[in-house]
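A.B. asks:
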Amino acid sequence: QQQVKQSPQSLIVQKGGISIINCAYENTAFDYFPWYQQFPGKGPALLIAIRPDVSEKKEGRFTISFNKSAKQFSLHIMDSQPGDSATYFCAASKRTSGSRLTFGEGTQLTVNP
Amino acid sequence: KAGVTQTPRYLIKTRGQQVTLSCSPISGHRSVSWYQQTPGQGLQFLFEYFSETQRNKGNFPGRFSGRQFSNSRSEMNVSTLELGDSALYLCASSFDHGGNEQFFGPGTRLTVL
Chain Z
1 QQQVKQSPQS
11 LIVQKGGISI
21 INCAYENTAF
31 DYFPWYQQFP
41 GKGPALLIAI
51 RPDVSEKKEG
61 RFTISFNKSA
71 KQFSLHIMDS
81 QPGDSATYFC
91 AASKRTSGSR
101 LTFGEGTQLT
111 VNP
Chain U
1001 KAGVTQTPRY
1011 LIKTRGQQVT
1021 LSCSPISGHR
1031 SVSWYQQTPG
1041 QGLQFLFEYF
1051 SETQRNKGNF
1061 PGRFSGRQFS
1071 NSRSEMNVST
1081 LELGDSALYL
1091 CASSFDHGGN
1101 EQFFGPGTRL
1111 TVL
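Residue numbers (my numbering), protein chains in the order written: chain Z, 1 to 113; chain U, 1001 to 1113.
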């Protein structure tokens, strides 16, 4: 059962543009929603995370928007740069499952110079 | 502070063999989780260890096992290897059980021939 669905599978953006990646979840018990960035040959790196009591969180060029009623959250990358080209994963976890993360399928982002 | 380290980085085994992978968490982190990453199934949770006890287990066969030592270092073992076990095995550490901020190591790339 896929509990976190991520789209699009791949995304091409021009330098300076906005990259938007969306995720939808099913389990309303989820209470923590992180985004990870992964470069080839590396492990995922935590980018930014949000909890359901907040509708938006911004850190530098990265913003998470959270819609609890729609059970959706999204990552916005402002002023996208070629160095942002990587695979992005959304994830979700719930307190009762400890540190277990349920991941989305991933989005391959390419930022053209 | 040093990050999560995993050894070995690359491993080639043949079907039927067994393998042991090692993970050293960030200093002070007491929870270690293991994930399997494949192109087809994405990132899937294997198990979480905290205080030398398995606290959570994903949907993997009993051939996959793990343990944690008193210094929080963890090992995972896969017995009777199958071709489908070829994957990137990632270890993530967090400060506490249910600690949401998880930091991943670079992974061990296992190839089963």
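Glycine included, C-beta positions come from ideal geometry on N, C-alpha and C.
Helix, strand or coil for Z:Pro82 per DSSP?
C.D. replies: Three-state result, Z:Pro82: helix.
A.B. asks: What residues in its chain sit with their C-beta under 6 Å from that of Z:Glu105, if we drop five residues either side in the sequence?
C.D. replies: Gln6
A.B. asks: For the candidate residues U:Gln1006, U:Ile1012, U:Ile1026 and U:Gln1018, whose alpha-carbon lies nearest to that of U:Asn1071?
C.D. replies: U:Ile1026
A.B. asks: Just tell me which of Z:Asp84, Z:Ala91, Z:Ser80 and Z:Ser85 has its CA closest to the CA of Z:Phe73.
C.D. replies: Z:Ala91
A.B. asks: What are the boundary residues of the beta strand (DSSP E) that U:Gln1054 is part of?
C.D. replies: Looking at the DSSP string, the run of the beta strand (DSSP E) that includes U:Gln1054 is Thr1053 to Lys1057.
A.B. asks: Just curious, the beta strand (DSSP E) that U:Glu1075 is in, first and last residue?
C.D. replies: Ser1074 to Val1078
A.B. asks: Counting only beta-carbon atoms, is Z:Arg25 nearer than 9 Å to chain U?
C.D. replies: Residue identity check: residue 25 of chain Z is Tyr in the sequence provided, not Arg. Closer than 9 Å: no.
A.B. asks: At the level of alpha carbons, what is the spacing between U:Arg1055 and Z:Ser97?
C.D. replies: 9 Å
A.B. asks: If you drop the 5 nearest sequence neighbours on each side, which residues of the same chain put their C-beta closer than 8 Å to that of U:Gly1066?
C.D. replies: Sequence-distant Cβ neighbours of U:Gly1066 in its own chain, meaning closer than 8 Å and more than five residues away, are Trp1034, Leu1046, Phe1047, Tyr1049, Gln1054, Ser1074, Glu1075, Met1076 and Asn1077.
A.B. asks: Along the chain, where does the beta strand (DSSP E) containing U:Val1032 start, and where does it finish?
C.D. replies: Ser1031 to Thr1038
A.B. asks: Pick out whichever of U:Gln1102, U:Lys1057 and U:Gln1037 has its Cα sitting closest to the Cα of U:Gly1084.
C.D. replies: U:Gln1037
A.B. asks: Along the chain, where does the beta strand (DSSP E) that runs through U:Thr1011 open and close?
C.D. replies: Checking the sequence, you will find Leu at residue 1011 of chain U rather than Thr. Run containing U:Leu1011: Tyr1010 to Lys1013, per the beta strand (DSSP E) assignment.
A.B. asks: Using DSSP's beta-bridge definition, name the partner residues of Z:Asn27.
C.D. replies: DSSP output for Z:Asn27 lists no bridge partner at all.
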